[in-house]
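S.K.: Residue numbers (this note's numbering): 825 to 1151.
Even for Gly, the Cβ is constructed at its ideal location relative to N, Cα and C.
Nothing here was measured: the structure is a model prediction, and the numbers come from that model.
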């Protein structure tokens, strides 16, 4: 029942108060709205993803009142103030961020159940498009053995969802409703960085063609976005001592915990995107552990806005990544 309520809540947000609104690119006014710039990011495999600059301005809704003129606006009329923060008050459904329980990846001895050599995982499980994928009900966490003596093991997430293997039970940050998935995907296509404005949606890879990592990031940002909105709103209204504020920060700490496994990169484009996501994921965790926000409000807001901006930049990078066709 709780899952159904969340899906209804999520769909409502997309239609009215979008949980991705803090990062939604608004239509520029006739003589205002400066376009965000891109930040370059190169992959180790000699492929480039042009990305938006991390100096982009915060994307919270701006004052959208029409430009005033002497004929239409009396001199004594006061200017309409811009909104303080966010356009959505805190909502209890956001605590905790919804997850789904999955089977433990560990055996009775505390080791990862599924083990493969690098050669075996490729030969046995890679499809004709070069992708290895396991659903959440297929033990997607695998231990990959490498090294000359087979003494190196890398714990790898082969699903398309972020998985917390440190929680008990293990959980995944997953969205399964096809309608919500479609809405999330369309958000990324309909809000490109300025360099890709006008690009036809057909020129992007489809959801099915997106990599595990790309799909995982799209879902994760959708799920964490309402937490950003609520923290923004509460901080602007001085609600640092509210219990809900601490609970919201705890969600950042959980989402950014070291034991949350990001879907493994499997393409040259994925490599840089994975590093970007790992950086942002760490920033979520650090924000969640911020000590005494009420007593250090200025420092907290600085860290919060930096974290939000890097998340914003990641959305632009993902849009670029989806625009790149796979060979």
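(1) Whole angstroms is fine: what's the gap from residue 781's alpha carbon to residue 1017's?
(2) With DSSP as the reference, identify every bridge partner of residue 965, one or two as the case may be.
(3) Sort 928, 955, 934, 979 by Cα distance to residue 1092 and report the nearest one.
(4) In angstroms, rounded to a whole number, what distance separates the CA positions of residue 1088 and residue 1036?
(5) Taking residue 1039 as the reference, give the member of 967, 1136, 1000, 972 with the closest Cα.
(6) Quick check: is the beta carbon of residue 1145 nearer than 9 Å to any beta carbon in chain D?
(7) Please work out which residues of its chain come closer than 7 Å, Cβ to Cβ, to residue 989, disregarding the five sequence neighbours upstream and downstream, and give them in chain order.
(8) Expressed to the nearest angstrom, what Euclidean distance is found between the alpha-carbon atoms of residue 991 and residue 1022?
(9) Helix, strand or coil for residue 1141, going by three-state DSSP, please let me know.
(10) Can you have a look at residue 1141 and say buried or exposed, based on whether 16 or more other CB atoms are within 10 angstroms of its CB?
(11) Go to residue 986, then tell me how far its beta strand (DSSP E) extends in each direction, as first and last residue.
(12) Look at the alpha carbon of residue 938 and the alpha carbon of residue 1119, and state the distance between them as a whole number of angstroms.
(13) Less than 9 Å between the beta carbons of residue 1109 and residue 1134, yes or no?
(14) For residue 1112 versus residue 1138, is the C-beta spacing smaller than 9 Å?
(15) Thinking C-alpha only, which one of 998, 925, 933, 977 is nearest residue 985?
(16) Which same chain residues end up closer than 6 Å to residue 879 when comparing Cβ atoms and leaving out the 5 residues on each side of it in sequence?
(17) Between residue 1048 and residue 1097, is the Cβ-Cβ spacing less than 9 Å?
(18) State the Cα-Cα distance for the pair residue 936 and residue 967, rounded to the nearest angstrom.
(19) State yes or no: is the C-beta of residue 1004 within less than 9 Å of the C-beta of residue 1046?
(20) Under 8 Å by Cβ, that's how I've got residue 1059 and residue 1125 pegged, so tell me the actual separation to the nearest angstrom.
(21) Here's the rule: buried if 16 or more other CB atoms are within 10 angstroms of the residue's CB, otherwise exposed. What is residue 1026?
(22) List the endpoints of the continuous alpha helix (DSSP H) containing residue 1074.
(23) Measuring only the C-alpha atoms, how far is residue 1006 from residue 977?
(24) Tell me the DSSP secondary structure of residue 1097 in three-state form.
(25) Please classify residue 1107: is it buried, with 16 or more other beta-carbons within 10 angstroms of its beta-carbon, or exposed?
(26) Name the one or two DSSP bridge partners that residue 1123 has.
(27) Grouping DSSP H, G and I as helix and E and B as strand, with all else coil, what is residue 921?
(28) Mind checking residue 980: buried by the 16 CB within 10 Å criterion, or exposed?
(29) Give the single residue among 1102, 1094, 1011 whose Cα lies nearest to the Cα of residue 1150.
(30) Give the DSSP-derived three-state secondary structure of residue 1088 in the structure shown.
(31) State the Cα-Cα distance for the pair residue 962 and residue 944, rounded to the nearest angstrom.
(32) Excluding the 5 residues flanking residue 1131 on each side, which residues of the same chain have their C-beta closer than 6 Å to its C-beta?
(33) Go to residue 938, then tell me how far its beta strand (DSSP E) extends in each direction, as first and last residue.
(34) Can you tell me whether residue 1034 is helix, strand or coil according to DSSP?
(35) Measure the Cβ-Cβ separation of residue 982 and residue 1011 and say whether it is below 9 Å.
M.R.: Let me spell this out:
(1) Any question about residue 781 goes unanswered here, given that the chain covers just 825 to 1151.
(2) As a position in the chain shown, residue 965 is number 141, starting the count at 1. Its beta-bridge partners are 981.
(3) Translated into the one-based positions of the chain shown, residue 1092 becomes position 268. Out of 928, 955, 934, 979, 955 has the C-alpha closest to the C-alpha of residue 1092.
(4) Here residue 1088 is taken as the residue at index 264 of the chain shown, counted from 1. Here residue 1036 is taken as the residue at index 212 of the chain shown, counted from 1. About 7 Å.
(5) The residue labelled residue 1039 in the question sits at position 215 within the chain shown. For the residues 967, 1136, 1000, 972, the minimum Cα distance to residue 1039 belongs to 1000.
(6) Looking at the structure shown, chain D is missing, and only one protein chain is on hand.
(7) Along the chain shown, one-based indexing puts residue 989 at 165. The residues are 929, 965, 1083, 1085.
(8) Position 167 of the chain shown holds residue 991. Position 198 of the chain shown holds residue 1022. Straight-line Cα distance between these residues: approximately 43 Å.
(9) Looking up residue 1141 in the chain shown gives position 317. Residue 1141: helix per DSSP, three-state reduction.
(10) As a position in the chain shown, residue 1141 is number 317, starting the count at 1. With 16 or more Cβ atoms within 10 Å of its Cβ, residue 1141 is classed as buried.
(11) As a first step, residue 986 is located in the chain shown; it is residue number 162 there, counting from the start. 986-988 is the span of the beta strand (DSSP E), which, as asked, contains residue 986.
(12) As a working note, residue 938 is residue 114 in the chain shown. As a working note, residue 1119 is residue 295 in the chain shown. So the alpha carbons of these two residues sit roughly 47 Å apart.
(13) Position 285 of the chain shown, counted from the start, is the residue given in the question as residue 1109. Position 310 of the chain shown, counted from the start, is the residue given in the question as residue 1134. No, the Cβ-Cβ distance between residue 1109 and residue 1134 is not below 9 Å.
(14) By 1-based counting over the chain shown, the position of residue 1112 is 288. By 1-based counting over the chain shown, the position of residue 1138 is 314. For residue 1112 and residue 1138, no; Cβs fall outside 9 Å.
(15) Position 161 of the chain shown, counting from 1, holds the residue named residue 985. Closest option to residue 985, Cα to Cα, is 998.
(16) Here residue 879 is taken as the residue at index 55 of the chain shown, counted from 1. Model confidence at residue 879 stands at a pLDDT of 42, short of 50, so the residue's coordinates are unreliable and nothing is read from them.
(17) By one-based count along the chain shown, residue 1048 stands at place 224. By one-based count along the chain shown, residue 1097 stands at place 273. It is not a contact, given that the beta carbons lie outside the stated cut-off.
(18) In the chain shown, the residue the question calls residue 936 occupies position 112. In the chain shown, the residue the question calls residue 967 occupies position 143. Each residue's alpha carbon lies about 6 Å from the other.
(19) Here residue 1004 corresponds to residue number 180 of the chain shown, with the count starting at 1. Here residue 1046 corresponds to residue number 222 of the chain shown, with the count starting at 1. Yes, Cβ-Cβ distance for residue 1004 and residue 1046 is below 9 Å.
(20) As a working mapping, residue 1059 is identified with position 235 in the chain shown. As a working mapping, residue 1125 is identified with position 301 in the chain shown. Indeed, because the Cβ distance is near 6 Å, the residues count as touching under 8 Å.
(21) Within the chain shown, the letter at position 202 stands for residue 1026. Exposed, because fewer than 16 other Cβ atoms sit within 10 Å of the Cβ of residue 1026.
(22) Start at 1 with the first residue of the chain shown, and residue 1074 comes out as number 250. Counting along the chain, the alpha helix (DSSP H) containing residue 1074 begins and ends at 1067-1079.
(23) For the purposes of this step, residue 1006 is identified with residue 182 of the chain shown, where counting begins at 1. For the purposes of this step, residue 977 is identified with residue 153 of the chain shown, where counting begins at 1. Approximately 36 Å, taken between the alpha carbons.
(24) In the chain shown, the residue the question calls residue 1097 occupies position 273. Reduced to three states, the DSSP call for residue 1097 is helix.
(25) Translated into positions along the chain shown, residue 1107 becomes position 283. With 16 or more Cβ atoms within 10 Å of its Cβ, residue 1107 is classed as buried.
(26) In the chain shown, the residue the question calls residue 1123 occupies position 299. Answer is none; residue 1123 lacks a bridge partner.
(27) Counting from one through the chain shown, the residue named residue 921 turns up at place 97. Three-state result, residue 921: coil.
(28) Reading the chain shown from its first residue, position 156 is the one you call residue 980. By the 10 Å Cβ count, residue 980 comes out buried.
(29) As a position in the chain shown, residue 1150 is number 326, starting the count at 1. Among 1102, 1094, 1011, the Cα nearest to that of residue 1150 is on 1094.
(30) Looking up residue 1088 in the chain shown gives position 264. Three-state DSSP puts residue 1088 in coil, outside helix and strand.
(31) Residue mapping note: residue 962 aligns to position 138 of the chain shown, counting from 1. Residue mapping note: residue 944 aligns to position 120 of the chain shown, counting from 1. Distance between the alpha carbons of residue 962 and residue 944: 17 Å.
(32) Working through the chain shown from its first residue, we reach residue 1131 at position 307. 1107, 1111, listed in sequence order.
(33) As a first step, residue 938 must be located in the chain shown, where it is residue number 114. It spans 938-941 - the beta strand (DSSP E) in which residue 938 sits, taken as one unbroken run.
(34) Counted from its first residue, the chain shown places residue 1034 at position 210. DSSP places residue 1034 in coil when its eight states are reduced to three.
(35) Position 158 of the chain shown, counted from the first residue, corresponds to residue 982. Position 187 of the chain shown, counted from the first residue, corresponds to residue 1011. Cβ atoms of residue 982 and residue 1011: not closer than 9 Å.
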